[in-house]
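Numbering (UniProt numbering), first residue to last: 1 to 113.
Written out below as structure tokens is the structure these notes cover.
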């Protein structure tokens with residue numbers, strides 16, 4: 001295996017972890033708000049974004065979507081504060097969406113956060 005092949009494999013593995021992280025962050029925000037994929041589709045429609053439950057479920061499951069898509073989802077969900085995990089590994093591991101959903105819900109009123 002050449003150095004270039006090794007770097008390509010490492011990049012693909014790293015990309016997969018980032019995809020898992022962003023997927024888990026979106027799922028966590030949906031869990032926090034008790035929003036299903038069908039309800040997310042309805043909320044997106046209010047912004048003029050046409051998608052259906054199955055397409056959303058598949059898109060999120062793959063974890064490969066644009067920054068525009070995740071911002072549209074966050075706006076539709078009413079997200080005004082994004083909790084970042086302390087590490088890529090923490091946010092990308094299996095079950096991380098549930099852990100993120102149980103985490104902080106945002107800065108406290110009157111705090112300096």
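Ideal placement from N, C-alpha and C gives every residue a C-beta, glycine not left out.
- The Cβ atoms of residue 28 and residue 103 sit closer than 9 Å to each other.
- The straight-line gap separating the alpha-carbon atoms of residue 71 and residue 86 is approximately 21 Å.
- If you draw a straight line from the Cα of residue 73 to the Cα of residue 97, it is about 16 Å long.
- Between the C-alpha atoms of residue 62 and residue 46 there is a straight-line separation of about 24 Å.
- The beta-carbon distance between residue 52 and residue 39, rounded to whole angstroms, is 12 Å. This is too long to meet the 8 Å contact definition.
- Here DSSP, grouped into helix, strand and coil, assigns residue 61 to helix.
- Apart from the 5 residues on each side of it in sequence, residue 23 sits with its Cβ closer than 7 Å to the Cβ of 60 and 63 in its chain, given in chain order.
- About 16 Å separates the beta carbons of residue 67 and residue 20, which is beyond the 8 Å limit, so they are not a contact pair.
- Our two residues, residue 57 and residue 89, have alpha carbons roughly 23 Å apart in a direct line.
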